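Numbering (our numbering), first residue to last: 3 to 419.
#1: Tell me the DSSP secondary structure of residue 126 in three-state form.
#2: Quick test of the definition: if touching needs 3 or more C-beta pairs under 8 Å, does the region 221-233 touch the region 321-337?
#3: Please return the same chain residues whose Cβ sits closer than 8 Å to the Cβ of residue 316, not counting the five positions on each side in sequence.
#4: Considering only residues of the region 85-119, which uninterrupted alpha helix (DSSP H) runs meet the minimum length of 4 residues and lie entirely inside it, listed in chain order?
#5: Determine the burial state of residue 61: buried for a count of at least 16 other Cβ atoms within 10 Å of its Cβ, exposed for fewer.
#6: Roughly how many angstroms lie between the CA atoms of residue 354 and residue 384, to the nearest whole one?
#7: In angstroms with no decimal places, state the Cα-to-Cα distance between residue 99 and residue 35.
#8: Mapping DSSP to helix, strand and coil, what is residue 16?
#9: Which residue wins for smallest C-alpha separation from residue 207, given the options 92, 10, 288, 296?
#10: Assign residue 195 to buried or exposed, taking buried as 16 or more other Cβ atoms, counted over all protein chains shown, within 10 Å of its Cβ.
#11: Between the Cα of residue 200 and those of 134, 164, 120, 176, spot the shortest distance and give me the residue it belongs to.
#12: Applying the 10 Å Cβ sphere with the 16-neighbour rule, what's the burial state of residue 403?
#13: How is the alpha helix (DSSP H) around residue 286 delimited, first residue to last?
#14: Ends of the beta strand (DSSP E) at residue 355?
#15: Give the list of continuous alpha helix (DSSP H) stretches no shorter than 4 residues that lie fully inside the region 136-178.
#16: I need the boundaries of the alpha helix (DSSP H) containing residue 270, first residue and last residue.
#17: In three-state terms, what does DSSP make of residue 208?
#18: May I ask you to list the residues that DSSP assigns as paired with residue 2?
#19: Determine the direct distance from the alpha carbon of residue 282 to that of residue 294, and round the result to whole angstroms.
#20: Leaving aside the five residues before and after residue 419 along the sequence, list all residues of the same chain whose C-beta is less than 6 Å from its C-beta, in chain order.
#21: For residue 177, count neighbouring C-beta atoms within 10 Å of its own C-beta (all shown protein chains included) and say buried if the count is 16 or more, exposed if not.
#22: Give the straight-line distance between the Cα atoms of residue 205 and residue 130, rounded to the nearest whole angstrom.
#23: Going by alpha carbons, who is nearest to residue 217 out of 238, 246, 269?
#24: On a Cα-Cα basis, can you pick out the residue from 202, 265, 340 that is closest to residue 280?
#25: Return the chain-ordered list of same chain residues with a C-beta closer than 7 Å to the C-beta of residue 127, the five sequence neighbours on each side being excluded.
#26: Among 241, 146, 235, 93, which has the Cα closest to the Cα of residue 166?
#27: Have a look at 43, 14, 38, 3 and flag the residue whose alpha-carbon is nearest the alpha-carbon of residue 392.
#28: When DSSP labels each residue in this structure, what does residue 376 get in the three-state scheme?
#29: Here's a check: name, in chain order, each residue in its chain whose Cβ is nearer than 6 Å to the Cβ of residue 352, leaving out the five neighbours to either side.
#30: Classify residue 404 as helix, strand or coil using the three-state DSSP reduction.
#31: Give the secondary structure of residue 218 by DSSP, where H, G and I count as helix, E and B as strand, and everything else as coil.
#32: Using a Cβ-Cβ cut-off of 7 Å (strictly less than) and excluding sequence neighbours within five positions of residue 172, which residues of its own chain qualify?
#33: Exposed or buried, what is residue 41 when buried is set at 16 or more other beta-carbons lying within 10 Å of its beta-carbon?
#34: Just to confirm the assignment: which complete alpha helix (DSSP H) runs, minimum length 4, are found wholly within the region 26-77?
#35: Taking its Cβ as the centre, do 16 or more other Cβ atoms sit within 10 Å of residue 308, making it buried, or is it exposed?
#36: How would you call residue 186, buried or exposed, if buried means at least 16 neighbouring beta carbons within 10 angstroms?
So, in structure tokens, the structure goes:
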């Protein structure tokens with residue numbers, strides 16, 4: 003059979019495609035890839051078709067044409083980036099194959115619709131509201147309270163998330179976030195619908211203090227299997243919110259982790275996810291209550307995949323392809339987790355890279371599993387909120403020590419920092 007991956011070029015997913023190629027070869031399958039203007043991706047697939055997965059109709063048409071020429075029937079559809087999930091949902095529906103439904107894919111890319119679904123499912127979350135004008139924003143702020151977070155309603159590659167602490171900051175940054183939230187995203191597959199529905203609105207949310215975690219799960223026949231919980235040891239207090247450091251296993255108390263697992267499953271049910279990989283994020287309140295930030299029908303970004311694999315032994319790319327192919331995924335973790343994590347590189351200021359150093363020394367460290375740089379000397383780099391993707395990453399592991407009274411997660415964090 004043939005396995006189809008709909009994709010948007012992203013160098014941090016190189017490992018995902020390499021694993022997909024190995025998986026297909028091992029199982030006697032063909033790997034098909036739909037991605038706009040492919041370059042390095044070609045080495046991993048048997049057939050590559052160039053199509054912009056932002057365009058759902060074009061993606062469906064391209065896959066129909068591809069399937070008509072394939073010697074093997076397409077029996078599985080997958081996506082490793084959230085951007086391509088709506089197109090993958092439409093293609094899977096057209097082919098009659100398992101994937102998240104088209105409406106579910108839509109909800110997951112519409113932050114307000116997602117919030118409404120969580121409300122219907124009684125999933126604890128921040129107080130929130132919509133605002134199209136500064137006057138509306140001030141009214142919402144009076145209801146929500148400061149500090150609050152301004153967010154785009156639709157996924158925006160510029161990442162315009164901003165904490166504001168008072169009316170003066172709201173007045174200053176509301177128009178900035180509003181312009182950024184709706185600019186440069188006409189390529190988004192839901193853009194036209196979102197513009198018609200929301201005009202120029204943005205989302206205002208209660209700022210949640212506390213530790214942030216990400217949860218990686220696989221849903222099989224409607225049942226959520228949580229594979230790993232990553233702590234984010236570097237505090238994310240704003241004004242912008244950029245993921246920098248992940249570490250697993252979590253150091254949160256067992257009862258909090260249990261509640262996270264329960265609410266992860268509840269969030270999947272609330273938005274209608276019944277199959278595939280899911281990446282979910284929570285903030286943990288002072289009383290231990292997890293409140294959900296977002297969920298997405300995809301694997302965690304970039305090195306999350308390798309971190310989970312190093313820590314638990316569970317290969318989530320393989321699990322995604324097993325579920326898509328109708329095979330039974332292996333989701334049993336190792337008896338004792340390995341401390342694993344990663345750090346993402348961002349520029350301290352906008353400009354051009356004048357030099358890169360320290361790579362050779364880091365590679366010699368036995369704890370370093372992988373260093374990947376997405377930029378080179380001479381490349382231009384920017385800073386949040388105009389950029390949200392990192393410029394590279396380092397993945398590392400640690401060793402658990404037998405320390406009485408020390409939580410495994412604490413030991414991992416101390417050794418990974």
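Quick reminder that beta carbons are idealized off the backbone N, C-alpha and C, glycines included.
Here the structure is a predicted model, which means the values were calculated and not measured.
Looking at the atomic coordinates:
#1: Position 124 of the chain shown, counted from the first residue, corresponds to residue 126. Three-state result, residue 126: coil.
#2: yes
#3: Within the chain shown, numbered from 1, the residue matching residue 316 stands at position 314. Once the five neighbours on either side are set aside, the close Cβ partners of residue 316 are 229, 230, 310, 332, 333, 334, 335.
#4: 87-97, 104-111
#5: For the purposes of this step, residue 61 is taken as the residue at position 59 of the chain shown. Around the CB of residue 61, 16 or more other CB atoms lie within 10 Å, so the residue is classed as buried.
#6: Within the chain shown, residue 354 is the residue found at index 352, counting from 1. Within the chain shown, residue 384 is the residue found at index 382, counting from 1. Those two C-alpha atoms are separated by around 9 Å.
#7: Translated into positions along the chain shown, residue 99 becomes position 97. Translated into positions along the chain shown, residue 35 becomes position 33. Their Cα atoms are separated by approximately 16 Å.
#8: One-based indexing of the chain shown puts residue 16 at position 14. Residue 16: helix per DSSP, three-state reduction.
#9: Taking the first residue of the chain shown as position 1, residue 207 is located at position 205. The candidate whose alpha carbon is nearest that of residue 207 is 296.
#10: By one-based count along the chain shown, residue 195 stands at place 193. Residue 195 comes out exposed.
#11: For the purposes of this step, residue 200 is identified with residue 198 of the chain shown, where counting begins at 1. Among 134, 164, 120, 176, the Cα nearest to that of residue 200 is on 134.
#12: In the chain shown, residue 403 corresponds to position 401, counting from 1. Caution is warranted here: a pLDDT of 47 is assigned to residue 403, below 50, making its placement in the model unreliable, and the coordinate value is therefore given only provisionally. With fewer than 16 Cβ atoms within 10 Å of its Cβ, residue 403 is classed as exposed.
#13: Residue 286 sits at position 284 when you count from the first residue of the chain shown. It is not in any alpha helix (DSSP H) - residue 286 instead sits in the beta strand (DSSP E) that spans 278-286.
#14: Here the question's residue 355 lines up with position 353 in the chain shown. Residue 355 -> no beta strand (DSSP E), and no H or E assigned at all.
#15: 136-146
#16: Translated into the one-based positions of the chain shown, residue 270 becomes position 268. 256-273 is the span of the alpha helix (DSSP H), which, as asked, contains residue 270.
#17: Mapped onto the chain shown, residue 208 falls at position 206. In the structure shown, residue 208 sits in a strand (DSSP, three-state: E or B).
#18: No answer is possible for residue 2: it lies beyond the span of the chain, which begins at 3 and ends at 419.
#19: For the purposes of this step, residue 294 is identified with residue 292 of the chain shown, where counting begins at 1. For the purposes of this step, residue 282 is identified with residue 280 of the chain shown, where counting begins at 1. Answer to the nearest angstrom: the Cα atoms are 8 Å apart.
#20: Within the chain shown, residue 419 is the residue found at index 417, counting from 1. Here residue 419 scores only 44 on pLDDT, less than 50, and its place in the model is too uncertain to base an answer on.
#21: For the purposes of this step, residue 177 is taken as the residue at position 175 of the chain shown. So residue 177 ends up on the exposed side.
#22: Stepping through the chain shown from its first residue, residue 205 is reached at position 203. Stepping through the chain shown from its first residue, residue 130 is reached at position 128. So the two alpha carbons sit approximately 7 Å from each other.
#23: Numbered from its first residue, the chain shown carries residue 217 at position 215. Minimum Cα distance to residue 217 is reached at 269.
#24: Numbered from 1 along the chain shown, position 278 holds the residue referred to as residue 280. Closest by alpha carbon: 265.
#25: Walking along the chain shown from the start, residue 127 turns up at place 125. For residue 127, where only same-chain residues beyond five positions count, the Cβ hits under 7 Å are 117, 120, 293, 294.
#26: Locating residue 166 in the chain shown gives position 164, where the first residue counts as 1. Among 241, 146, 235, 93, the Cα nearest to that of residue 166 is on 241.
#27: Reading the chain shown from its first residue, position 390 is the one you call residue 392. With distances taken between Cα atoms, residue 392 lies closest to 14.
#28: Within the chain shown, numbered from 1, the residue matching residue 376 stands at position 374. The answer is coil: DSSP assigns residue 376 none of H, G, I, E or B.
#29: As a position in the chain shown, residue 352 is number 350, starting the count at 1. The answer, listed in chain order, is 384, 385.
#30: Mapped onto the chain shown, residue 404 falls at position 402. In this prediction, residue 404 has a pLDDT of 47, which is less than 50 and means its spatial position is unreliable; what the coordinates show is noted afterwards. Three-state result, residue 404: coil.
#31: Position 216 of the chain shown, counted from the start, is the residue given in the question as residue 218. Here residue 218 sits in strand by DSSP.
#32: Stepping through the chain shown from its first residue, residue 172 is reached at position 170. Closer than 7 Å at Cβ, skipping near neighbours: 139, 140, 143, 166.
#33: The sequence position of residue 41 within the chain shown is 39, counting from 1. It is exposed - the Cβ of residue 41 has fewer than 16 other Cβ atoms within 10 Å.
#34: 58-71
#35: Taking the first residue of the chain shown as 1, we reach residue 308 at position 306. The residue is buried, with at least 16 neighbouring Cβ atoms inside 10 Å.
#36: Locating residue 186 in the chain shown gives position 184, counting from the first residue. Looking at its Cβ environment, which holds fewer than 16 other Cβ atoms inside 10 Å, residue 186 is exposed.
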